[in-house]
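Residue numbers (my numbering): 1 to 132.
Where is the CB? At the ideal position from N, CA and C, for every residue including glycine.
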């Protein structure tokens with residue numbers, strides 16, 4: 001069973017949409033770097049202060065990835081749900097391999113605290129209503 005991941009963070013850059021060949025088909029994937037921050041309540045100042053966090057590479061595939069690349073922008077606050085994947089990579093200039101981690105997202109949603117306005121697409125017509 002894969003590791004589950006759920007966290008809120010800020011986009012370091014706008015997502016990059018790529019086309020990747022998987023087997024015999026081309027698939028779209030949006031790749032993004034997200035800083036998942038951690039806050040603690042400070043009794044003295046009676047405010048929340050950032051106490052840590054980490055950067056993580058996030059991939060969102062197919063139609064959801066295309067939509068994310070179209071609407072998400074650098075600095076947006078998002079919630080990511082998916083699975084954590086471990087891989088190995090070579091440290092540049094050496095033969096030494098180290099573990100790396102990536103989130104394969106199943107869902108990426110915008111947090112509303114930094115949204116100023118929203119525009120909604122018109123509802124798609126169904127086959128029945130288009131012929132009526």
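Please name the residue in the options whose C-alpha comes closest to that of residue i.
i, options, result
"residue 66", "36, 31, 5, 48", "31"
"residue 116", "68, 77, 97, 40", "77"
"residue 14", "69, 59, 87, 93", "69"
"residue 59", "26, 85, 96, 98", "85"
"residue 52", "40, 46, 63, 61", "40"
"residue 99", "114, 113, 83, 90", "90"
"residue 56", "126, 97, 87", "87"
"residue 9", "114, 123, 95", "114"
"residue 81", "36, 95, 121", "36"
Quick one: using the 10 Å Cβ neighbour count with 16 as the cut-off for buried, is residue i buried or exposed?
i, result
"residue 119", "exposed"
"residue 75", "exposed"
"residue 23", "exposed"
"residue 103", "buried"
"residue 93", "exposed"
"residue 112", "exposed"
How is residue i classed by DSSP in three states: helix, strand or coil?
i, result
"residue 95", "coil"
"residue 24", "coil"
"residue 14", "coil"
Complete alpha helix (DSSP H) runs within the stretch 41-125 (minimum length 4 residues, chain order): 62-71
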